[in-house]
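Sequences listed follow chains V and A, in order.
Its first residue numbered 1234, the first sequence is counted upward by one per residue in my numbering.
Its first residue numbered 139, the second sequence is counted upward by one per residue in my numbering.
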Amino acid sequence: MSWINKISIVLAIIVAAVLPTIWPNPYYVHLMVIIGIYAILLLGLDIVVGYVGEVSLGHAALFGIGSYTAGVLHFQLAVPFLLAVPASIVVTAFFGALLALPALRVNGPYLAMVTLAFGTIIQILINEMTFLTNGPLGLSIRKPIWFGHQITGADYYYIVLAALVLTLFVVQRILKSHIGRAFEALHDSPIATDCMGVSVYGYKVYAFVLSAGIAGLAGSLFTYSEEYISPNTYNFELTILFLLAVIMGGRKTRIGPMLGAIIIVMLPNVLSDIELFRTISTGIAVFTVAYAVYAVTTRQGTVRQMLLPLLVTLVLAASGYFMENITEHRLTIFGVMILFVVYYLPNGIMGFLRRIVLKYRPQWIHRHEIVAELGDDAHVWSVPDHPVNASGYLLEAKNILMQFGGLKALNEVNLQITKGTVHGLIGPNGSGKSTMMNVLTGIYKPTAGKIEFNRKNITGASPSSIAAAGIARTFQNVQLFGEMTAIENVLVGLHHTYRHSLLDAVFHTPRCRKEKNAARLRAASLLHFVGLSDLANEEARNLPYGKQRLLEIARALALNPSLLLLDEPAAGLTAPDIKELIAMINKIREHGLTVILIEHHMDVVMSICDTVTVLDFGQKIAEGTAAEVQSDEKVIEAYLGGSVEAA
Amino acid sequence: MEILAQLIVSGIALGMIYAVIAFGYQLTFATSSTLNFGQGEALMLGALVGLSLVGYMNYWLMIPLVLIFGAMQGVFVERVAVLPALKTKSEFGWIMTTISLAIIFKNVAENIWGRDDLTFPSPLPTSPLQFFGIRVLPMEILVVFGALAIMLAVEIFNRKSIYGKAVVATSNDRDAAGLMGINTGMVITFSYALSSMTAAFAGVLVAPLTLTGATMGVVLGLKAFAVAIIGGLNSGMGVIVGGLLLGIAETTTGYYISTGYKDVPGLFLLLLVLAIKPAGMFGKSVIKKV
């Protein structure tokens, strides 16, 4: 972090600390407390919405669980503040796990649907479980008394400020650690993440539980701030408000959630005061008109694009002057705002500002941490995490049957891979080569058959556990983490070398630093090995196609695999590049790795493969050395078509 | 025993309503992998529009008009909330936009029809019929048959007509259907029209049995989520079984435990199904090709 950042953070904290002396009015202090509490929750919600890319419609309920845990503990058992708050975090995180574990098993809008239902149920339960929660009457709690001093509203402001700074610090550290990198990776390419031994499901649940714990913290702070809680606070509207705040503030930023919190705390005030609403909506309309004119004149947007937002903001501003009572239409305005933000401010206010800064001062924006380490030959290789026990065959697939509906993509295929060899897998298009690859790495579960790897049965295991056991792969259609730099891609592959815990990451313990430095050196060395050293800090999506393929190899090697699956590595490579690729594969073999190679370039296959298996229509038609296979009649027939005379 | 039978019968009528709404979710999920988080509001609008129309005409004449209204409402939702979100490829844009339209519809309905619940005149006699000591309202029978009829009608349309084949083709593979000259955008719009139409129909079916008001759709829409997941988002059979299961679970819990807790078993069932068979009881798990 640069010193400018450090100074501005210290300054911001000082400004926040003196605010109550500028606005000593208890009403304002209370509003600032609520902003702080919401900002804490939103920082957590952003982990789910921004980083992992799932929608939670249950954060108001989680907030409520945190509130009620603290409230009930205080009310029924007189548990002190400093114990009730951590208890709230734990209880809420537990509920988060309860929701996330089943809901995240499937892709799609399931989490949103389940959390929405959860929100309703929690409200019902709080209302019904009168013996615990006092039902609709609510609970009254007093702020704590510390050393004989009753904490006042102004004192409480500093408690919340401290909690906010702490949350910011913790969230920032987590998101910048290997855990945060895993979140970003799984959002970018879930399949590649799984195949790097990082369980997508596991980390999604992890993110949601973290986020729930933070919501619990916010909830418990809310209880002591309000000194009275009742079930109706934690309703659907609050959930939507939270989501609006995260999107409007700007996802994947720390400032965004705070901006969002300010907006949603002020919003009800704006929407209850018609005069204020008129002023602000007119202001927004003027700004939109100005921006539209600017955009059209500088040709950044067409008149057509600008027409609708212009119309909406103008109608919004005009409606302010027609309405006499605004509270009746509050929700409609609120709904229109969400529509507007989703369509015209998808990256939020921070995203909008960033785009402007990027245009005029691009050097101010650092999207990625620059990694300066230069790799060397000494740190390319490392021993596999799981030593190879098998002698003879490293991998044995027996009678693999893979059926898609009526189609047998693989029909009773046997495959034996001898340890330390390069095994070619060839065949015409649609012969089942890539399907075999996906079966071996656990992406498809075979309909029947058995796969043994390193003397262990891996049939039906998840892709991430197969990867962790030592099978790494590249993809036929490149699956890189496009928004990450080349070296970050490799670091995701090195995820398994990070053994330190969440707490180590938060406190930057020596252990954490040691592992981090080792991983960087290793990643740089791997890039050096595939010849991408000079592109280490370039975003992967900006690399040319051939380089992307090489990057995938580096990333796969980072897993320390004992078996490497290469799916058409030479596709898109130029002739000199192919020569280098061959040298690279030979070097990989020299270091004791076993390689399965799918390739259409026959010269590559013939020059490096020890054994070649030929597939056609899902069946194995030949196997042997390259020369044997080349002269096999069935193979010639499969590639060139049958001879006329034979028919 | 008689009480239990009575509860099951009431549960069936309720469950069929859930099934119709969940069926609406399936229709749009199949074509566009999106669903309308304001489906409950589509039902509510259908019921309220029906209530206003019933003042001028007979219940049976009103139904086709409500169906047309429902279809138009569905087209509106798709054009405003879904189509632009699909174009920008934002993953959850459509969730937020359909929710915001739902909020707007509810608020507008409150301003037009008021905040109080209204009674919907029943088109059938309100005195219950007796079958082996079980009392059944004629309206409940209508709900069950009406719900089955509309689902059957949509299914037959999808299977037999050429337009329906376009819907099925788009559900199977949107890109391939597009390449075969099917206007998949139209198909998605159409599926939204169908979906909201069935919801509006469910609204006028259920309205005489319950109270009608701006907030009536929220809970129904939510329960139907549970039904769609329990049954499977891609299984027609699933929503009926899921709906009946949830309806009966609710009426029995309401009687034997407490009416306050009647919504709870639904969520537990939902989490249980997701934990055991994430694709739903009757759903097929989809293999994602790499």
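Every residue gets a Cβ at the ideal spot worked out from N, C-alpha and C, and that includes glycine.
Check	Outcome
CB contact check: M1669(V) to chain B, cutoff 8 Å	Protein chains in the displayed structure are V and A, and chain B is not among them.
Y1203(V) - partner residues in DSSP beta bridges	Not covered by the structure: residue 1203(V). The range shown for chain V is 1234 to 1880.
Beta-carbon separation (whole angstroms), S396(A) vs S170(A), contact threshold 8 Å	Their Cβ separation, rounded to whole angstroms, is 40 Å, which puts S396(A) and S170(A) out of contact at 8 Å.
Residues bridged to N1690(V) [DSSP beta-bridge criterion]	E1685(V)
Per DSSP, cross-strand counterpart(s) of Q1712(V)	Q1712(V) is not bridged to any residue.
Alpha-carbon spacing of H1741(V) relative to L1727(V), whole angstroms	18 Å
Spatial distance of A143(A) from L1358(V) (CA atoms)	28 Å
Three-state secondary structure (DSSP) of V1621(V)	coil
Which listed residue (I1462(V), R1782(V), P1253(V), D1737(V)) has its alpha carbon closest to that of S1410(V)	D1737(V)
Closest Cα partner of E1460(V) within the set Y1434(V), I1384(V), I1473(V)	I1384(V)
Identity of the residues DSSP links to R1706(V) by a beta bridge	L1798(V)
Interface positions of the segment 232 to 243 of chain A facing chain V (Cβ-Cβ less than 9 Å), listed along the chain	W232, I233, M234, T235, I237, S238, L239, A240, I241, I242, F243
Contact with chain V by A345(A), beta-carbon distance below 8 Å	no
Contact with chain A by G1483(V), beta-carbon distance below 8 Å	no
Proximal residues to A168(A) (C-beta, below 6 Å), its chain only, five neighbours per side dropped	S309
Amino acids of chain V, ordered along the chain, whose beta-carbon sits closer than 7 Å to that of E229(A)	G1286
Contact list for the segment 1345 to 1360 of chain V against chain A, Cβ threshold 8 Å	A1345, M1346, V1347, L1349, A1350, F1351, T1353, I1354, I1357, L1358, N1360
8 Å Cβ cut-off: residues of chain V touching S401(A)	Reading off the sequence, residue 401(A) comes out as Asp, not Ser. Result: T1353, I1354, I1357.
Cutoff 8 Å: L407(A) Cβ touching any chain V Cβ	no
Enclosing alpha helix (DSSP H) for R1511(V) [first to last residue]	1507 to 1530
Short Cβ contact (8 Å threshold) for N1666(V) with N1647(V)	A quick correction: the sequence has Lys, not Asn, at residue 1666(V). No; because the gap between Cβ atoms is not below 8 Å, this pair is not in contact.
Below-8 Å beta-carbon distance, H1833(V) vs any chain A residue	no
Residue environment, A1350(V), which counts as buried when at least 16 other CB atoms sit within 10 Å	buried
Closest residue to T1400(V) among L1344(V), M1491(V), M1346(V) (Cα-Cα distance)	M1491(V)
Cβ pair count under 8 Å reaching 3, the segment 1697 to 1712 of chain V against the segment 1605 to 1622 of chain V	yes
Contact set between R1788(V) and chain A, taken where Cβ atoms lie within less than 7 Å	The contacting residues do not exist; R1788(V) stays about 16 Å from chain A at best.
Boundaries of the beta strand (DSSP E) in which H1599(V) is found, first to last residue	H1599(V) -> no beta strand (DSSP E), and no H or E assigned at all.
Limits of the beta strand (DSSP E) - the one that Y1626(V) falls within	1626 to 1637
Whole-angstrom C-beta distance between I367(A) and Y1343(V), which should lie under 8 Å	7 Å
C-alpha gap between A1879(V) and G1851(V), whole angstroms	Unreliable placement is indicated for A1879(V), whose pLDDT of 45 sits below 50; the coordinate value is still reported in the next sentence. Approximately 23 Å, taken between the alpha carbons.
Environment of L1796(V) [buried if 16+ CB atoms lie within 10 Å]	buried
Helix, strand or coil at D1849(V) according to DSSP, with G and I counted as helix	strand
The beta strand (DSSP E) enclosing T1730(V), as first and last residue numbers	Note, T1730(V): premise wrong, no beta strand (DSSP E); not H, not E.
Of the residues V1503(V), V1575(V), A1528(V), A1611(V), the one placed nearest T1560(V), counting alpha carbons only	V1503(V)
Those runs of the alpha helix (DSSP H) which lie wholly inside the segment 1246 to 1295 of chain V and span at least 4 residues	1259 to 1279
Cβ distance (whole Å) where A1396(V) is taken to contact L1454(V) below 8 Å	6 Å
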